[in-house]
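This report concerns only the one structure given below.
Number of protein chains: 2
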Amino acid sequence: MNEHADILLTHAHLFTMQGAGVGYIADGAAAVEGNRIVAVGSTADLTPRFQADETLDATGCAVLPGLIDAHMHTPWAIARGVAQDVAHWMQKALAPYSRHLTPEAALAGAKLNVIEALKAGTTTMVDYTQPVPGWAEFFVQTGVRGRLTPNINALPRGGMAGWKIGDLYPFDLDEGQRQINAAAAFARDWHGAADGRITVMLGPQAPDMLPKDQLLQVKRLADRDGLMIHMHVAQGDREINQMVKRFGQRTPAYLQELGYLDNQLLAVHLTEATDEEAALIAASGVGMALCSGSIGIIDGIVPPSHAFRQAGGMVALGSDQAAGNNCNNIFNEMKLTALFNKIKYRDPTVLPAWEALRMATVEGARAIGLGDEIGSLEAGKQADLIVVDLAAPNLSPVMAAPVRNIVPNLVYAASGHEVRDVMVAGRLVVRAGRVLTADEAAIQAEAQAQAGALARRVAADPVHREMALMGAMAAGQL
Amino acid sequence: MNEHADILLTHAHLFTMQGAGVGYIADGAAAVEGNRIVAVGSTADLTPRFQADETLDATGCAVLPGLIDAHMHTPWAIARGVAQDVAHWMQKALAPYSRHLTPEAALAGAKLNVIEALKAGTTTMVDYTQPVPGWAEFFVQTGVRGRLTPNINALPRGGMAGWKIGDLYPFDLDEGQRQINAAAAFARDWHGAADGRITVMLGPQAPDMLPKDQLLQVKRLADRDGLMIHMHVAQGDREINQMVKRFGQRTPAYLQELGYLDNQLLAVHLTEATDEEAALIAASGVGMALCSGSIGIIDGIVPPSHAFRQAGGMVALGSDQAAGNNCNNIFNEMKLTALFNKIKYRDPTVLPAWEALRMATVEGARAIGLGDEIGSLEAGKQADLIVVDLAAPNLSPVMAAPVRNIVPNLVYAASGHEVRDVMVAGRLVVRAGRVLTADEAAIQAEAQAQAGALARRVAADPVHREMALMGAMAAGQL
Numbered sequence: 001m002n003e004h005a006d007i008l009l010t011h012a013h014l015f016t017m018q019g020a021g022v023g024y025i026a027d028g029a030a031a032v033e034g035n036r037i038v039a040v041g042s043t044a045d046l047t048p049r050f051q052a053d054e055t056l057d058a059t060g061c062a063v064l065p066g067l068i069d070a071h072m073h074t075p076w077a078i079a080r081g082v083a084q085d086v087a088h089w090m091q092k093a094l095a096p097y098s099r100h101l102t103p104e105a106a107l108a109g110a111k112l113n114v115i116e117a118l119k120a121g122t123t124t125m126v127d128y129t130q131p132v133p134g135w136a137e138f139f140v141q142t143g144v145r146g147r148l149t150p151n152i153n154a155l156p157r158g159g160m161a162g163w164k165i166g167d168l169y170p171f172d173l174d175e176g177q178r179q180i181n182a183a184a185a186f187a188r189d190w191h192g193a194a195d196g197r198i199t200v201m202l203g204p205q206a207p208d209m210l211p212k213d214q215l216l217q218v219k220r221l222a223d224r225d226g227l228m229i230h231m232h233v234a235q236g237d238r239e240i241n242q243m244v245k246r247f248g249q250r251t252p253a254y255l256q257e258l259g260y261l262d263n264q265l266l267a268v269h270l271t272e273a274t275d276e277e278a279a280l281i282a283a284s285g286v287g288m289a290l291c292s293g294s295i296g297i298i299d300g301i302v303p304p305s306h307a308f309r310q311a312g313g314m315v316a317l318g319s320d321q322a323a324g325n326n327c328n329n330i331f332n333e334m335k336l337t338a339l340f341n342k343i344k345y346r347d348p349t350v351l352p353a354w355e356a357l358r359m360a361t362v363e364g365a366r367a368i369g370l371g372d373e374i375g376s377l378e379a380g381k382q383a384d385l386i387v388v389d390l391a392a393p394n395l396s397p398v399m400a401a402p403v404r405n406i407v408p409n410l411v412y413a414a415s416g417h418e419v420r421d422v423m424v425a426g427r428l429v430v431r432a433g434r435v436l437t438a439d440e441a442a443i444q445a446e447a448q449a450q451a452g453a454l455a456r457r458v459a460a461d462p463v464h465r466e467m468a469l470m471g472a473m474a475a476g477q478l
Numbered sequence: 479m480n481e482h483a484d485i486l487l488t489h490a491h492l493f494t495m496q497g498a499g500v501g502y503i504a505d506g507a508a509a510v511e512g513n514r515i516v517a518v519g520s521t522a523d524l525t526p527r528f529q530a531d532e533t534l535d536a537t538g539c540a541v542l543p544g545l546i547d548a549h550m551h552t553p554w555a556i557a558r559g560v561a562q563d564v565a566h567w568m569q570k571a572l573a574p575y576s577r578h579l580t581p582e583a584a585l586a587g588a589k590l591n592v593i594e595a596l597k598a599g600t601t602t603m604v605d606y607t608q609p610v611p612g613w614a615e616f617f618v619q620t621g622v623r624g625r626l627t628p629n630i631n632a633l634p635r636g637g638m639a640g641w642k643i644g645d646l647y648p649f650d651l652d653e654g655q656r657q658i659n660a661a662a663a664f665a666r667d668w669h670g671a672a673d674g675r676i677t678v679m680l681g682p683q684a685p686d687m688l689p690k691d692q693l694l695q696v697k698r699l700a701d702r703d704g705l706m707i708h709m710h711v712a713q714g715d716r717e718i719n720q721m722v723k724r725f726g727q728r729t730p731a732y733l734q735e736l737g738y739l740d741n742q743l744l745a746v747h748l749t750e751a752t753d754e755e756a757a758l759i760a761a762s763g764v765g766m767a768l769c770s771g772s773i774g775i776i777d778g779i780v781p782p783s784h785a786f787r788q789a790g791g792m793v794a795l796g797s798d799q800a801a802g803n804n805c806n807n808i809f810n811e812m813k814l815t816a817l818f819n820k821i822k823y824r825d826p827t828v829l830p831a832w833e834a835l836r837m838a839t840v841e842g843a844r845a846i847g848l849g850d851e852i853g854s855l856e857a858g859k860q861a862d863l864i865v866v867d868l869a870a871p872n873l874s875p876v877m878a879a880p881v882r883n884i885v886p887n888l889v890y891a892a893s894g895h896e897v898r899d900v901m902v903a904g905r906l907v908v909r910a911g912r913v914l915t916a917d918e919a920a921i922q923a924e925a926q927a928q929a930g931a932l933a934r935r936v937a938a939d940p941v942h943r944e945m946a947l948m949g950a951m952a953a954g955q956l
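Going down the list, the protein sequences come from chains F and X.
Just so you know, the numbering used here puts 422 at position 422 of the first sequence, and the rest follows in order with no gaps.
In short: position in the second sequence from 1, add 478, done, that's the numbering used here.
Take a look at the structure:
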């Protein structure tokens, strides 16, 4: 008993995610000192070795690396559920809410979404949005690991009124430059904040939403400052149409020509990429953020993550935005990813549970560029972990042999509410299902108040009459 | 205040499911007397009208008809998570567990599964299994609505040792007859029990698992006693192969010729039915039990429910068995059903949220033959309802207009743990998320003990070495 630990977690079904599988340790333990894991092993080995200030008993629980959500738009929780079951969801369902979104509403949505995800075991959130005051501060406050990405595009600031689906977008070069400058300033302020728990990525919204010069300018900035780029790529037929019309190329070829395809890029969606394009992108070292639930609801499409991984690419899971998806929960994304791919290939052996779990943890960490810091439970890495109660009826019973049933149940049966404790950077931020670092009830109430006001603004704007769901409202289907 | 109610539920977002949509009533109320709903309307209308023994405040909650699970095998919760990500799941993964399943283990699994489903808002469970002592009694005890179906097949009692995939099954006519007689006796004992809350269906396992004479005998028995038939139909390529080899016909044509296709049949799965066969079956008045999660995991297939409904058929949702699916949760099935069909047709407008909700309630009730009694909240029907807390972060915020977001969030974001209260036949059986009619912890502990013993029996049987998942175990993937 000669080593000190702040916290010694004991008696867990420990999934370290080390090695090529799930790295299971029976009756496992982990010692945490400061913000890092200092040892992982069996309870029998670690208990005599460490003198711990606190022991966290995980009997009957699975302990995993904290889950990674590689692509979120947290403010959109403010309009959860307003934009599904329609074609052209962005223009025909979300646009009026977007037009009337205030910074206060956006912040209220972001807070709600962070709480939702955190309670469901997500410890790292890669959040893409137009920054509003208080956004980054909330990540600092709650203790969540944030990889924050300020939105950059060159679309007219006042909105796209008058733009018709199929037309080229108008560009506003001054607006594009302003947003690039703002993102660079945000990165200077926040990259590395909170002992490195907050990092920043640069976020050109999509290759069709910036002129070529400005897209290249972002790449130079990223290379200069050692920042990764987080960008929607081949995210829909709308984008591909814009690319072909304006640049004469589909997105992957265009990005390759511009030198964008390297391991500093996190490419989101790839909805419209062919298998060949996905393989090309993967082979360049790019990471992929796969948003199965969102793209399933919005487009009815299963993106080519299987081809991407076959080509050696690393895939992370993302929950995207609650206005369409409608939840931000990586347990949900693991399940949908496994199932959608089985269906796509009509083969139950495609994308087994353990692969989905790796995408949500160790593989996802690599895809977003944090593979050295998070994604597995091993000495030297950040102490980001979750404790999942396997006594929940839907995760019971536990069988150890000849087949261990825990991983399949975590992927196919868990919903996230079984998460008991959450630790980020060595700090317990959720205990017994309660967030310790924020006032959940106040956040829910503020979101409700802001959403009510937002809905009233949308209702007062005649443009709402063109929303696709107004017919469903009139027919009593909502 | 001249009418009496046992319970008056008030201030709900009430989804009655009356009419062609979701039958929404703002600030809604429902009055319950005995086991029936006596009035549904606005809180303002019902409060002065009823003198209630108890008022149940549902402010901030959605209230819906209790969800209907049209196809379960509750005992298999005892082996949750042992049979996914493999081909030939029944033979290559489940078979050793099946061989070593004892009545005690089966009962422990059934109890666990009923509790799991009940807590997630399922009030009617159509359960298909080999009856074991205590099974029906547990439905009576917990207050759940049970539609119990004893399994009938003519397969050799001692198991299928020596049978090879692709060979015709051996039939044991005596065993078939014994099972028919046992099912008839079970129906005499239980059909209509507990004030009609327990009903019985006859369950020939599948058309390929009984000789023609015995299948016809079951149909005559069902017609004579006014029982519905609950049968797996076109459930896999295995079945179709058996049918063509033995009877020279695919399943739908065979059943049509035998006079099986009428509104007294609940046809489960239809995995291998073509769209044309599905339409034929639907047009005959047959109800369909669609098990999206199970068939997705087991086969990577989306059954033809869309074609079935286009032909006018009624579809109910089923969760099947936890050894493969791995959870028994109709919120999960609603979400998967909507998403899988969008993907199948590559169209986000296919199977909108309200249709999934109808399949889980009013349409499902019709499919299983209980349309007059349950499935909607209206005066005269059984008081089966659930109260869902919309203050959960993943269901917040609530927007009322111009687009009401509750139904999409219930289908795409809810996981079932937001269910606060559950009423079946006028009796509150779950309050504040706790089951009032059974000891949850004791049930979980018994299931864990039985599962441990079952796993030890399987491990001691050399046949376990041929299980498909042994490779994944050896590779550290489980």
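Positions of the beta carbon are idealized from the N, C-alpha and C atoms, including for glycine.
Next on the checklist: So if I threshold CB-CB distances at 9 Å, which residues from the region 869-884 of chain X count as touching chain A?
Outcome noted: The structure shown contains no chain A; the protein chains it does contain are F and X.
Checklist entry - On the three-state DSSP scale, how would you describe leucine 101 (chain F)? => result By 1-based counting over the first sequence, the position of residue 101 (chain F) is 101. Coil, per DSSP.
Checklist entry - Just how far apart, CA to CA, sit glycine 109 (chain F) and alanine 79 (chain F)? => result Reading the first sequence from its first residue, position 109 is the one you call residue 109 (chain F). Reading the first sequence from its first residue, position 79 is the one you call residue 79 (chain F). Cα-Cα distance, rounded: 8 Å.
Checklist entry - What whole-angstrom Cβ distance do glycine 143 (chain F) and threonine 337 (chain F) have, given they're in contact under 8 Å? => result The sequence position of residue 143 (chain F) within the first sequence is 143, counting from 1. The sequence position of residue 337 (chain F) within the first sequence is 337, counting from 1. Wrong, their Cβ atoms sit about 27 Å apart, outside the cutoff.
Item to check | Residues sharing a beta bridge with alanine 267 (chain F), DSSP | outcome: Stepping through the first sequence from its first residue, residue 267 (chain F) is reached at position 267. Looking at the DSSP assignment, alanine 267 (chain F) forms a beta bridge with F:Met231, F:Met288.
Checklist entry - For the beta strand (DSSP E) that leucine 8 (chain F) lies in, which residues bound it at each end? => result Taking the first residue of the first sequence as 1, we reach residue 8 (chain F) at position 8. Its beta strand (DSSP E) spans residues 3-15.
Item to check | Contact set between phenylalanine 818 (chain X) and chain F, taken where Cβ atoms lie within less than 7 Å | outcome: As a working note, residue 818 (chain X) is residue 340 in the second sequence. The contacting residues are Ile343.
Next on the checklist: Strictly under 8 Å for the Cβ-Cβ distance: is histidine 269 (chain F) near chain X by that measure?
Outcome noted: By 1-based counting over the first sequence, the position of residue 269 (chain F) is 269. False, the Cβ-Cβ gap to chain X never drops below 8 Å.
Checklist entry - How long is the line joining the alpha carbons of arginine 457 (chain F) and tyrosine 412 (chain F), rounded to whole angstroms? => result Along the first sequence, read from residue 1 onward, the residue named residue 457 (chain F) stands at position 457. Along the first sequence, read from residue 1 onward, the residue named residue 412 (chain F) stands at position 412. The straight-line gap from Cα to Cα measures roughly 40 Å.
Checklist entry - Helix or strand or just coil, what does DSSP make of tyrosine 169 (chain F)? => result As a first step, residue 169 (chain F) must be located in the first sequence, where it is residue number 169. In the structure shown, tyrosine 169 (chain F) sits in coil (DSSP, three-state: anything other than H, G, I, E or B).
Checklist entry - How many angstroms separate the CA atom of leucine 932 (chain X) from the CA atom of isoleucine 884 (chain X)? => result Position 454 of the second sequence, counted from the first residue, corresponds to residue 932 (chain X). Position 406 of the second sequence, counted from the first residue, corresponds to residue 884 (chain X). Distance between the alpha carbons of leucine 932 (chain X) and isoleucine 884 (chain X): 43 Å.
Checklist entry - Would you call the CB atoms of alanine 583 (chain X) and leucine 744 (chain X) closer than 8 Å? => result As a working mapping, residue 583 (chain X) is identified with position 105 in the second sequence. As a working mapping, residue 744 (chain X) is identified with position 266 in the second sequence. No, these two residues do not count as a Cβ contact at 8 Å.
Next on the checklist: For chain F, check one thing: does any of its Cβ atoms lie closer than 8 Å to the Cβ of aspartate 777 (chain X)?
Outcome noted: Translated into the one-based positions of the second sequence, residue 777 (chain X) becomes position 299. Taking Cβ atoms only, chain F reaches closer than 8 Å to aspartate 777 (chain X), which makes this a yes.
Checklist entry - If we cut at 8 Å on Cβ distances, does tryptophan 512 (chain F) have a partner in chain X? => result One cannot answer for residue 512 (chain F) here, as it falls past the ends of chain F, which runs 1 to 478.
Item to check | Residue(s) in a DSSP beta bridge with isoleucine 152 (chain F) | outcome: For the purposes of this step, residue 152 (chain F) is taken as residue 152 along the first sequence, with counting starting at 1. DSSP, once it has assigned bridges, lists F:Pro204 as partnering isoleucine 152 (chain F).
Checklist entry - Taking glutamine 84 (chain F) as the reference, which of X:Pro886, X:Glu653, X:His710 has the closest Cα? => result Your numbering for residue 84 (chain F) matches position 84 in the first sequence. When each option's Cα is compared against that of glutamine 84 (chain F), the closest is X:Pro886.
Checklist entry - From the DSSP output, which residues share a beta bridge with proline 543 (chain X)? => result Sequence index remark: in the second sequence, residue 543 (chain X) carries index 65 (1-based). Answer is X:Leu863, bridged to proline 543 (chain X).
Checklist entry - According to the Cβ coordinates, are glycine 681 (chain X) and tyrosine 606 (chain X) closer than 8 Å? => result For the purposes of this step, residue 681 (chain X) is taken as residue 203 along the second sequence, with counting starting at 1. For the purposes of this step, residue 606 (chain X) is taken as residue 128 along the second sequence, with counting starting at 1. In this structure, tyrosine 606 (chain X) lies closer than 8 Å to glycine 681 (chain X) by Cβ.
Checklist entry - Between the Cα of asparagine 591 (chain X) and the Cα atoms of X:Ile852, X:Pro880, X:Asn803, X:Gly949, which residue gives the shortest distance? => result Translated into positions along the second sequence, residue 591 (chain X) becomes position 113. Ranking the options by Cα distance to asparagine 591 (chain X), first place goes to X:Asn803.
Checklist entry - Distance, Cα to Cα, aspartate 57 (chain F) vs leucine 107 (chain F)? => result Residue numbering aside, residue 57 (chain F) sits at position 57 when the first sequence is read from its first letter. Residue numbering aside, residue 107 (chain F) sits at position 107 when the first sequence is read from its first letter. Their Cα atoms are separated by approximately 36 Å.
Next on the checklist: Taking the alpha helix (DSSP H) that serine 305 (chain F) belongs to, which residues open and close that run?
Outcome noted: On the first sequence, residue 305 (chain F) is found 305 positions in, with the first residue counted as 1. Run containing serine 305 (chain F): 305-310, per the alpha helix (DSSP H) assignment.
Item to check | Nearest-angstrom Cβ-Cβ length linking valine 140 (chain F) and isoleucine 198 (chain F), presumed shorter than 8 Å | outcome: Residue numbering aside, residue 140 (chain F) sits at position 140 when the first sequence is read from its first letter. Residue numbering aside, residue 198 (chain F) sits at position 198 when the first sequence is read from its first letter. Their Cβ separation, rounded to whole angstroms, is 6 Å, which keeps valine 140 (chain F) and isoleucine 198 (chain F) in contact under 8 Å.
Next on the checklist: Using only the alpha-carbon positions, how far apart do threonine 533 (chain X) and isoleucine 485 (chain X) sit?
Outcome noted: For the purposes of this step, residue 533 (chain X) is taken as the residue at position 55 of the second sequence. For the purposes of this step, residue 485 (chain X) is taken as the residue at position 7 of the second sequence. About 6 Å.
Checklist entry - Beta carbon of glutamate 856 (chain X), beta carbon of valine 518 (chain X): below 8 Å? => result Your numbering for residue 856 (chain X) matches position 378 in the second sequence. Your numbering for residue 518 (chain X) matches position 40 in the second sequence. Yes, these two residues count as a Cβ contact at 8 Å.
Checklist entry - Rounded to the nearest angstrom, how far is the Cβ of leucine 795 (chain X) from that of leucine 817 (chain X), given a contact under 8 Å? => result Locating residue 795 (chain X) in the second sequence gives position 317, where the first residue counts as 1. Locating residue 817 (chain X) in the second sequence gives position 339, where the first residue counts as 1. Wrong, their Cβ atoms sit about 13 Å apart, outside the cutoff.
Checklist entry - List, in order along the chain, the chain F residues whose C-beta lies closer than 7 Å to that of glutamate 594 (chain X)? => result Residue 594 (chain X) sits at position 116 when you count from the first residue of the second sequence. Per Cβ cutoff of 7 Å: Pro393, Asn394.
Item to check | Spatially closest choice to alanine 182 (chain F) from F:Val268, F:Phe171, F:Met209, F:Ile152, by CA coordinates | outcome: Counting from 1 along the first sequence, the entry for residue 182 (chain F) is found at position 182. Selected option, being the one with the closest Cα: F:Ile152.
Checklist entry - Taking the C-alpha atoms as reference points, what is the distance between asparagine 872 (chain X) and asparagine 329 (chain F)? => result Translated into the one-based positions of the second sequence, residue 872 (chain X) becomes position 394. Translated into the one-based positions of the first sequence, residue 329 (chain F) becomes position 329. Asparagine 872 (chain X) and asparagine 329 (chain F): Cα-Cα distance of roughly 9 Å.
Item to check | chain X contact for lysine 92 (chain F) (CB, 8 Å cutoff) | outcome: Reading the first sequence from its first residue, position 92 is the one you call residue 92 (chain F). So no, lysine 92 (chain F) is outside the interface.
Checklist entry - What residues match up with glutamate 137 (chain F) in a beta bridge as DSSP calls it? => result Here residue 137 (chain F) refers to the residue found at position 137 of the first sequence. Partner(s): none; glutamate 137 (chain F) has no beta bridge.
Checklist entry - Can you give the beta carbon distance from tryptophan 76 (chain F) to glutamine 321 (chain F), rounded, assuming they're within the 8 Å contact cut? => result Along the first sequence, read from residue 1 onward, the residue named residue 76 (chain F) stands at position 76. Along the first sequence, read from residue 1 onward, the residue named residue 321 (chain F) stands at position 321. Right, their Cβ atoms sit about 4 Å apart.
Item to check | Beta-carbon neighbours of cysteine 164 (chain F), restricted to chain X and to distances below 9 Å | outcome: Along the first sequence, one-based indexing puts residue 164 (chain F) at 164. The displayed chain sequence assigns lysine, not cysteine, to residue 164 (chain F). Simply none; closest approach about 20 Å.
Item to check | valine 302 (chain F): contacting residues in chain X (beta-carbon distance under 9 Å) | outcome: By 1-based counting over the first sequence, the position of residue 302 (chain F) is 302. Those are Ile821, listed as they occur along chain X.
Checklist entry - To which residues of the same chain is alanine 903 (chain X) closer than 6 Å at the C-beta, ignoring the five residues directly before and after it? => result Here residue 903 (chain X) corresponds to residue number 425 of the second sequence, with the count starting at 1. The residues are Asn513, Arg675, Gln860.
Item to check | Any C-beta of chain F under 8 Å from that of histidine 551 (chain X) | outcome: The residue labelled residue 551 (chain X) in the question sits at position 73 within the second sequence. False, the Cβ-Cβ gap to chain F never drops below 8 Å.
Next on the checklist: Classify threonine 729 (chain X): buried if its beta carbon has 16 or more other beta carbons within 10 angstroms, exposed otherwise.
Outcome noted: On the second sequence, position 251 is the one that residue 729 (chain X) refers to. So threonine 729 (chain X) counts as buried.
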